[in-house]
Amino acid sequence: MAVDLLLGLQWGDEGKGKIVDVLTKDYDIIARFQGGPNAGHTLEFDGIKHVLRTIPSGIFHKTAMNVIGNGVVIDPVVFVKELEGLDQFDIDYKAKLIISRKAHLILPTHRLLDAASEASKGKAKIGSTLKGIGPTYMDKTGRNGIRVGDLELSDWKTKYRNLADKHEAMISFYNVDIQYDLQEMETEFFESVTRLKELTFIDSEEYLNQAIKAGKTILAEGAQGSLLDIDFGTYPFVTSSNTTAAGACTGLGIAPNKVKDVYGIFKAYTTRVGSGPFPTELFDEVGAEMAEVGREFGAVTGRPRRCGWLDLVALKYTCEVNGVTQLNMMKGDVLSGFDTLKVCTAYTYKGETITHLPYNIEPENVNPVYTEFPCWKEDLTKMRNVDQFPKELNDYIDFLEKELEIPIKIVSVGPDRTQTILR
Ligand code: IMP
1 MAVDLLLGLQ WGDEGKGKIV DVLTKDYDII ARFQGGPNAG HTLEFDGIKH VLRTIPSGIF
61 HKTAMNVIGN GVVIDPVVFV KELEGLDQFD IDYKAKLIIS RKAHLILPTH RLLDAASEAS
121 KGKAKIGSTL KGIGPTYMDK TGRNGIRVGD LELSDWKTKY RNLADKHEAM ISFYNVDIQY
181 DLQEMETEFF ESVTRLKELT FIDSEEYLNQ AIKAGKTILA EGAQGSLLDI DFGTYPFVTS
241 SNTTAAGACT GLGIAPNKVK DVYGIFKAYT TRVGSGPFPT ELFDEVGAEM AEVGREFGAV
301 TGRPRRCGWL DLVALKYTCE VNGVTQLNMM KGDVLSGFDT LKVCTAYTYK GETITHLPYN
361 IEPENVNPVY TEFPCWKEDL TKMRNVDQFP KELNDYIDFL EKELEIPIKI VSVGPDRTQT
421 ILR
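Those letters in the sequence shown? Residues 1 to 423, by our numbering.
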C-alpha cells in the first residue's frame, strides 16, 4: 500500500506545511485533496519563509510530483500569484505540478457571495476567510459548478456568464452593502485562467491509481483541521469540505484500502481563527503570551488566532474519526517557561463529567476539566535530538501518548526544517 495521509487534528494551522515539507523526500507524489486558498501552509528553510495556498508543499523538493486533486477548489487569480511567488525559487512548476480536471473553480462572484453571506449573518458570521470557498462548494454540490476540465471546452465562457449572472442576482438578494467592480475582477480572472491553462490538466484519479499500481508512494496533504470538517467539525463554524481522512479518498479518488499511515498533526496547545466554540480558550495573559510567542496570526488573513490549552477530549475524537496511526506534536517550544501547563482531559456537561465530544460544545454547555503539569523552562529551539529533552517535556509527551494510545513520532521545536526531532 502506498498512500499515507497527513492531517491537522485541531482547527487548522497546526503546522502541516512544515511536516509535509520534511516528509516529502520519502514520497514520489504529494497530493492536495480538499480546501483551496483559504489554506496557508507556511514553510521555512534556508532563512526563507514561504506560504503556499493551493499548491502542495512538495513543490520545493527536487523530485516529488505535486497533484491538486478533484476535491480542491482553485481560484485562478490567487493561484497565478502563488506561481509568481515560486519564480524566485527557480522551480519548474510546469513539470512538477498537475491539476485534476475535476477540481472546481472559484469565480470572482463566489468571493462576492462569501462576503455578502457573511455580512448578512451579523453576529452569527462564520469568520470565513472570504476566499469564496463555501459558495464554490455549494455550486459543486448544487451541480452548477465550473470545473478545470471545462476550460478545455469551447462553451465554458457561456456557462461562466450564466453562473456569474445568477450569482449577481443572489448578491442583490442578500441586500447588504458590498462594493465591487465585477468587470475589473473578471478581467483579472480571465487573464489568470489563460495562465492556468499553461499547466497540465489530468484525470488525477487515473494518474494516482496507476502510480499506486506502479509502486509509487503518495502523501495526501490535508488543509485546515479536523474540527473544521463539514461533517465532524464544530458546525456551522466549519469550512465547506471534508478535512478528515475520508476526504482524502473522495478528494483524490483513492480507495480506503490503499491508505496505510495517517499522520495526525497537533500543536502542544490549541488555536482557532474565526468564530465558533473553543472550550479551552484562554482570555488572560497566558493566552496572550501563547499568541505572542507562537506568532499566532493567520497566514492567509493576518487575523490574530485565539489561543488555549490542549484539549484531549477533542483530540481523541479527531484521532478516532481519522484513524490516526502516528502523531506529530508541533510548537512545544512556545510553552517553554510557562509556570504550569494544563491539559483538558474531560468536560463537565449538564452536571456530568464526560470524556467524549458532545453535540454542542458552546461555552454555556461545557466546562473543561484540567490536569496540570509543571512546564519545562529550557529553550527547546536549539535541541536536535530527544536525549536533550527536559524531563517535564518527556512527562508531557508520555502522558499524551498514554491518553491517546498513539505514538508521538515527531516533535517540532521551531519553524525551520532542522528543528524537527524524530522519536
Ligand atoms: P472558509 O473556509 O474560508 O469558509 O472559513 C470557514 C472557517 O474555517 C473560518 O472559521 C476560518 O477561519 C476557518 N479556516 C479556513 N481555512 C483555515 C485554515 O487554513 N486555517 C485555520 N482556519 C481556517
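Note that CB positions come from ideal geometry on N, CA and C, so glycine has one too.
What does DSSP give as the partner residues of Leu6 in its beta bridges?
-> Glu221 and Tyr263
Let me know if Gly215 comes out buried or exposed under the rule of 16 or more other beta-carbons within 10 Å of its beta-carbon.
-> exposed
Is the beta carbon of Asp13 within less than 7 Å of some heavy atom of the ligand IMP?
-> yes
In whole angstroms, what is the alpha-carbon distance linking Glu392 and Trp376?
-> 5 Å
Over the uninterrupted beta strand (DSSP E) stretch that includes Asn367, give me the two end residues.
-> Per DSSP, the continuous beta strand (DSSP E) segment holding Asn367 begins and ends at Val366 to Pro374.
What residue from Ile410, Tyr137, Val77 and Thr353 has the CA that sits closest to Val386's CA?
-> Ile410
Out of curiosity, what's the CA-to-CA distance linking Ser117 and Pro76?
-> 22 Å
Just jot down, in chain order, the residues whose CB lies closer than 7 Å to any heavy atom of the ligand IMP.
-> Listed along the chain, these residues meet the criterion: Trp11, Gly12, Asp13, Gly35, Asn38, Ala39, Gly40, Asp114, Ile126, Gly127, Ser128, Thr129, Leu130, Lys131, Ile133, Gly134, Ala223, Gln224, Gly225, Leu228, Phe237, Val238, Thr239, Ser240, Val273, Gly274, Ser275, Gly276, Gly298 and Val300.
Of all the options Lys342, Phe237, Gln419 and Glu401, which has the alpha carbon lying nearest to the alpha carbon of Phe373?
-> Lys342
Kindly confirm or deny that the region 349 to 363 and the region 288 to 304 touch, where touching means at least three C-beta pairs closer than 8 Å.
-> no
Where do the N-terminal and C-terminal ends of the beta strand (DSSP E) with Lys409 fall, by residue?
-> Where Lys409 is concerned, the enclosing beta strand (DSSP E) stretches over Ile408 to Ser412.
Please list, in chain order, all residues of the same chain as Phe201 whose beta carbon is under 6 Å from its beta carbon, the five residues on each side excluded.
-> Ile99, Arg101 and Val148
At least 3 beta-carbon pairs within less than 8 Å: the region 218 to 230 vs the region 26 to 36 = yes
Pairing CB atoms from the region 120 to 132 with CB atoms from the region 160 to 171, are three or more of them under 8 Å?
-> Counting Cβ pairs under 8 Å, fewer than three are found: no touch.
Euclidean distance between Cα positions of Phe266 and Cys249 | 22 Å
Got a sec? Which residues, its chain only, sit under 7 Å from Asn144 by beta carbon, not counting five neighbours each side?
-> The residues are Leu163.
So, is the C-beta of Ala288 closer than 8 Å to a C-beta in chain C?
-> The chain inventory of the structure shown lacks chain C, comprising one protein chain alone.
Roughly how many angstroms separate the alpha carbons of Leu112 and Gly134, rounded to a whole number?
-> Between Leu112 and Gly134, the C-alpha separation is close to 11 Å.
Is it true that the CB of Val273 sits closer than 8 Å to the CB of Arg295?
-> No, these two residues do not count as a Cβ contact at 8 Å.
First through last residue of the alpha helix (DSSP H) which encompasses Gln210 = Membership of Gln210 in the alpha helix (DSSP H) is indicated by the continuous run Ser204 to Lys213.
Sorted by chain position, which residues of the same chain lie with C-beta nearer than 8 Å to Val331's C-beta, five sequence neighbours on each side aside?
-> Here residue 331 is Lys; the residue named in the question, Val, does not match the sequence. Gly15, Lys267, Ala268, Tyr269, Gly294 and Ser412, listed in sequence order.
Which two residues bound the contiguous beta strand (DSSP E) that contains Arg303?
-> Neither: Arg303 is in no beta strand (DSSP E) and is coded neither H nor E.
Assign Asp177 to one of three DSSP states: helix, strand, or coil.
-> In the structure shown, Asp177 falls within a coil segment according to DSSP collapsed to helix, strand and coil.
Met65 in three-state terms, based on DSSP | strand
Between the C-alpha atoms of Lys25 and Val193, what's the straight-line distance to the nearest angstrom?
-> 31 Å
Per DSSP, the bridge partner or partners of Gly35 = Val72
Once you ignore the five residues that flank Leu107 on each side, which residues in its own chain have a CB closer than 8 Å to its CB?
-> Gly132, Thr136, Ile146, Tyr160, Leu163, Ala164, His167 and Phe189
How is Gln388 classed by DSSP in three states: helix, strand or coil?
-> helix
Along the beta strand (DSSP E) that carries Phe189, what are the first and last residues, could you check?
-> Phe189 -> not in any beta strand (DSSP E); alpha helix (DSSP H) instead, spanning Leu182 to Leu196.
Return helix, strand or coil for Lys342, following the three-state DSSP convention.
-> strand
Distance, Thr244 Cα to Leu400 Cα | Their Cα atoms are separated by approximately 21 Å.
Of the residues Gly298, Leu404 and Tyr347, the one placed nearest Leu327, counting alpha carbons only = Leu404
Where the alpha helix (DSSP H) through Leu327 begins and ends | Element bounds for Leu327: not the alpha helix (DSSP H) but the beta strand (DSSP E), Gln326 to Met330.
Who are the Cβ neighbours of Tyr317 in its own chain at under 6 Å, not counting the five residues just before and after it?
-> Leu357
Taking the alpha carbon of Asn209 as the point to measure from, which residue in Pro256, Asp229 and Gly414 has its own alpha carbon closest?
-> Pro256 is the residue among Pro256, Asp229 and Gly414 whose C-alpha sits nearest the C-alpha of Asn209.
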